Structure formats: C-alpha cells, structure tokens
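S.K.: Attaching a single structure in structure tokens format; questions to follow.
Protein chains: 2
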Amino acid sequence: MERLRQHIEHITSLTNEEFEYIQTHFTKKRVLKNQYLLHEGDDVKNEFVVLSGLYKVFFLDEQGREYIIQFAKENWWMSDYQAFFQEKKATVFIECIEAGEVLVSTLETREKLSAELHKMEHFYRVKLTNGYVALQERIKLLLSSTPQERYEAFVKLYPDLLQGLPKKLIAEYLGVSRETLSRLYSR
Amino acid sequence: MERLRQHIEHITSLTNEEFEYIQTHFTKKRVLKNQYLLHEGDDVKNEFVVLSGLYKVFFLDEQGREYIIQFAKENWWMSDYQAFFQEKKATVFIECIEAGEVLVSTLETREKLSAELHKMEHFYRVKLTNGYVALQERIKLLLSSTPQERYEAFVKLYPDLLQGLPKKLIAEYLGVSRETLSRLYSR
Chain A
1 MERLRQHIEH ITSLTNEEFE YIQTHFTKKR VLKNQYLLHE GDDVKNEFVV
51 LSGLYKVFFL DEQGREYIIQ FAKENWWMSD YQAFFQEKKA TVFIECIEAG
101 EVLVSTLETR EKLSAELHKM EHFYRVKLTN GYVALQERIK LLLSSTPQER
151 YEAFVKLYPD LLQGLPKKLI AEYLGVSRET LSRLYSR
Chain B
1 MERLRQHIEH ITSLTNEEFE YIQTHFTKKR VLKNQYLLHE GDDVKNEFVV
51 LSGLYKVFFL DEQGREYIIQ FAKENWWMSD YQAFFQEKKA TVFIECIEAG
101 EVLVSTLETR EKLSAELHKM EHFYRVKLTN GYVALQERIK LLLSSTPQER
151 YEAFVKLYPD LLQGLPKKLI AEYLGVSRET LSRLYSR
C-alpha cells in the first residue's frame, strides 16, 4: 500500500491517520497474463490502480475488429469510465498483457472519500484533469494527424512500451495497418 | 449571475454568502458573431461558461484544413483545456457562431475556489467527470464508427443544433464529406 500513498502524496500530502483510513478502501489483487479484469456486458463496479504489469483497454466493433483505447502501466488508473460513472454495463474489455498487481476500488469509495476528505476530492479532481487533457490530445490526434504524427505521440506517451509490445497491438492503438507501422519503424 | 448559481447548484447547494463570494470571480462578457475568444498561439488565460449563443472550438492542420473539436452552447464550459491546465500556448481557436454572453474565469480562480471551498472542488470534479466521459465517447466514435453512427451520436448530443448549423460545420465535426452528410440527412 506504500505505493498508493506515494501516488496520492504526489498530489496532496496526507497524515498517517488519513492514509490508514484511505487504504482500507482499496484491495490488492494479483492479475495473470491474459486475465480479463472487465468484459463487455459486465456491471462496472470497479476501477483499478495499476501497481505493476501491463494492461490494455479495448472494444470490439460489430465485425469483431479490435480497437485499443489505452494501455495502462504503473500508476495509471483504468476502468470503463463511462460505464463506471454512469453505473451502466461495460462496453469495453480490460485484459492483462503482462502479469502484475492492481488495487481495486469502487465508485462508492471515490464519492465517499471525496465527501469526507477535501484532500481526496482534490486528488481525484487533479487525476481527472490530467486524464481529461490526455483524452483531448488523443482526439486531436485521431481527427487530424498522419500515421507519422500518431506514432510520434505514441512514443512520447509510452516511451518504455515500444520494445515490449507486439507490433500488432501498437498498430491497433494507432489505427494503422501493420505495413504502415513497419514503414514508421524503419525511419 | 443567477444563471451561474443555478448551474453550480445543479451539482451542489450554496449559501447566499458563498455564492456572493464565488460570483466575484467571474466576469460577464458579450460576444459578437464571428468574434474569436481564443486564437492559436495565444496564452490561454481564460475558460468560458456559455450563458447564451453558440461557439465552435476547432484547430487547423498544417494544410489549413479545419477540424471541429466541439460546439458549445448554454451551460457548456470551453477553453483550450490542454493549454489552460498546463499554462501553454493555445493550439485551438474558439469562434462565436451565434452572438451571446459568456462568463470569463481563470485557472487561478478554479484552483483558489477549489482550495477554499470543498463544495467548489466537488463542483469542478463533477464537471470534469462529465467532460471526461464525453471525451471518451468521442474517442470511441472516432476510432470505430461508421458515418451513420457518428451522425446518430451527433443528433443525440446536439438535438437542437441540427437545424440551425450550416451543414459544412456538421460535416467537419463528423469528419465526413458534404456528400456523405447529405446521404445521411436523406435517410
């Protein structure tokens, strides 16, 4: 749980007493390679804080084609946030690519900690602000950019993933063909 | 300013004293048709709460082609949020399509009111949550959907804009050609 504390204190400092209380709302869970933390159609009860490992959040269109919304690594939060906040059924999958550990939390925890501790409302607001900015960046890239620009944005966002990830996944994330990706690599 | 109060109280109730204090941080401004509230390259000092009128947030690629990120109408908030939060130069434009009024605020106000009033930190968190969900929805649509699905999502999001907006702007927002849009209309 020390990792959670560092993560929160990166944004707002906590007393020992506050952290003792906060941590009771999170549960640690081991995740195995290829395990699904979320499947389309599930009730979305949880959000996850990544302690270790690598995960992908994706959805399938009607033809079964896969689209990757994000990869998540250490200190990233992940869920089907649309469904999580609106208490609807999942429309995305979360699959583990490299085994690791996550902390599991709930919407009730998010709302309760925010109401009880101004500091935690601040923490969640700052996390959301960062998330909002990242999504806006992704929209601008999707709307306009060339494969070259998308690739550069990917390298910037996930510098340490470039070697480890199968090229197939990177191509899906960028929305380009394998051939286009190979051309980008060779530059 | 009564409109601002209703807008905030939709999320959290305020005492008269609190609202008196909050409203001193917002300035009302009239905006004329075709006026720019933000231009690429500007320092992004402000965010805007729309009281009336209609606005578009867009950017230009290197070839000068225009891409619309969002339309904003009554009660919507708008800025180049990426630049606003990170205190960078604007990469987008905000132009007034139909004259109206906005409230002008700053990042300093957002942070100050959030720090001083737990209720306002809550208000901003909830607004961000809604914004985050909307952006995620837009990403999923951009990644996968057919022009037909994008059009339906647009109709759902902006039911009252369909008649008033030039078809050219709707086509730009959807990322489809004018011809494709005409086919969608005729269905």
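The listed protein sequences derive, respectively, from chains A and B. Each step along the first sequence adds one to the number in UniProt numbering, with nothing skipped, and position 54 is 54. Each step along the second sequence adds one to the number in UniProt numbering, with nothing skipped, and position 124 is 124. Where a beta carbon is used, it is the ideal one built from N, C-alpha and C, also for glycine. Note that this is a predicted model, so its numbers are computed, not measured.
Applying a beta-carbon distance threshold of less than 8 Å, which residues of chain A neighbour I69 (chain B)?
M.R.: Per Cβ cutoff of 8 Å: Q136, I139, K140, L143.
S.K.: Between the alpha carbons of K104 (chain A) and A134 (chain A), how many angstroms are there, rounded?
M.R.: Going by the sequence as given, residue 104 (chain A) is Val instead of Lys. So the two alpha carbons sit approximately 23 Å from each other.
S.K.: For a quick check, are the C-beta atoms of K168 (chain B) and R183 (chain B) less than 8 Å apart?
M.R.: Contact flag unset, no.
S.K.: Compare the C-beta of Q23 (chain B) with all C-beta atoms of chain A and state if any pair is closer than 8 Å.
M.R.: So, not an interface residue.
S.K.: Are the C-beta atoms of G175 (chain B) and some chain A residue less than 8 Å apart?
M.R.: Taking Cβ atoms only, chain A reaches closer than 8 Å to G175 (chain B), which makes this a yes.
S.K.: Return yes when the C-beta of T129 (chain A) is under 7 Å from any heavy atom of the ligand COA, and no when it is not.
M.R.: Of ligands this structure carries none, so the ligand COA is not represented either.
S.K.: Evaluate R125 (chain B) with the Cβ neighbour count: other Cβ atoms within 10 Å of its Cβ, from every protein chain shown; 16 or more gives buried, anything less gives exposed.
M.R.: Looking at its Cβ environment, which holds 16 or more other Cβ atoms inside 10 Å, R125 (chain B) is buried.
S.K.: Kindly indicate which residue of A:Q35, A:T146, A:G41 has the alpha-carbon position closest to the one of K88 (chain A).
M.R.: Ranking the options by Cα distance to K88 (chain A), first place goes to A:G41.
S.K.: What does a CB cutoff of less than 6 Å around M120 (chain A) pick up in its chain, not counting 5 residues either side in sequence?
M.R.: Only L113, S114 meet the Cβ criterion.
S.K.: For N16 (chain A), count neighbouring C-beta atoms within 10 Å of its own C-beta (all shown protein chains included) and say buried if the count is 16 or more, exposed if not.
M.R.: So N16 (chain A) ends up on the exposed side.
S.K.: Run through DSSP, which three-state label would Y124 (chain B) get?
M.R.: Correct three-state label for Y124 (chain B): helix.
S.K.: Cβ closer than 7 Å: which chain A residues qualify as neighbours of V44 (chain B)?
M.R.: Simply none; closest approach about 12 Å.
S.K.: Between the stretch 78 to 96 of chain B and the stretch 127 to 142 of chain A, can you find at least three pairs of beta-carbon atoms closer than 8 Å?
M.R.: Judged by Cβ distances under 8 Å, the stretch 127 to 142 of chain A makes contact with the stretch 78 to 96 of chain B, as three or more pairs qualify.
S.K.: How many Å lie between D160 (chain A) and K45 (chain B) at the Cα?
M.R.: Answer to the nearest angstrom: the Cα atoms are 34 Å apart.
S.K.: Does DSSP classify T27 (chain B) as helix, strand or coil?
M.R.: Of the three classes helix, strand and coil, the one that applies to T27 (chain B) here is strand, per DSSP.
S.K.: Starting from G131 (chain A), find everything on chain B with Cβ-Cβ shorter than 7 Å and list it in chain order.
M.R.: Here the neighbours are Y132.
S.K.: I need the straight-line Cα distance from A153 (chain A) to L14 (chain B), nearest angstrom please.
M.R.: Approximately 42 Å, taken between the alpha carbons.
S.K.: For E9 (chain B), count the other beta carbons within 10 Å of its own beta carbon; 16 or more makes it buried, fewer makes it exposed. Which is it?
M.R.: Its Cβ having fewer than 16 others within 10 Å, E9 (chain B) is exposed.
S.K.: Does the Cβ of K140 (chain A) have 16 or more other Cβ atoms within 10 Å, making it buried, or fewer, making it exposed?
M.R.: That one is buried.
S.K.: At which residues does the beta strand (DSSP E) containing L32 (chain A) begin and terminate?
M.R.: L32 (chain A) -> no beta strand (DSSP E), and no H or E assigned at all.
S.K.: With burial defined as no fewer than 16 other Cβ atoms inside 10 Å of the residue's Cβ, what is the status of R187 (chain B): buried or exposed?
M.R.: Exposed.
S.K.: Could you check if K56 (chain A) is buried or exposed, using at least 16 other CB atoms within 10 Å of its CB as the buried criterion?
M.R.: It counts as buried.
S.K.: Is K73 (chain B) helix, strand or coil when you go by DSSP?
M.R.: In the structure shown, K73 (chain B) sits in coil (DSSP, three-state: anything other than H, G, I, E or B).
S.K.: Name the chain A residues that come within less than 8 Å of S114 (chain B), Cβ to Cβ?
M.R.: In chain order: H122, R125.
S.K.: Under 8 Å, Cβ to Cβ, is there at least one residue of chain B near D160 (chain A)?
M.R.: By this cut-off, D160 (chain A) is not an interface position.
S.K.: Nearest to A90 (chain A) by alpha carbon, out of A:V50, A:K156, A:M78?
M.R.: Ranking A:V50, A:K156, A:M78 by Cα distance to A90 (chain A) puts A:M78 first.
S.K.: Using a C-beta to C-beta distance shorter than 7 Å, which residues of chain B count as neighbours of F85 (chain A)?
M.R.: Those within 7 Å of F85 (chain A) in chain B are T129, V133.
S.K.: Hey, how far is the Cα of C96 (chain B) from the Cα of Y158 (chain B)?
M.R.: Roughly 17 Å between the two C-alpha positions.
S.K.: T180 (chain A) to E66 (chain A), Cα distance in whole Å?
M.R.: Rounded to the nearest angstrom, the two C-alpha atoms are 17 Å apart.
S.K.: Of all the options B:E74, B:L174, B:G100, B:S145, which has the alpha carbon lying nearest to the alpha carbon of N34 (chain B)?
M.R.: Comparing Cα-Cα distances from N34 (chain B) to each of B:E74, B:L174, B:G100, B:S145, the minimum goes to B:G100.
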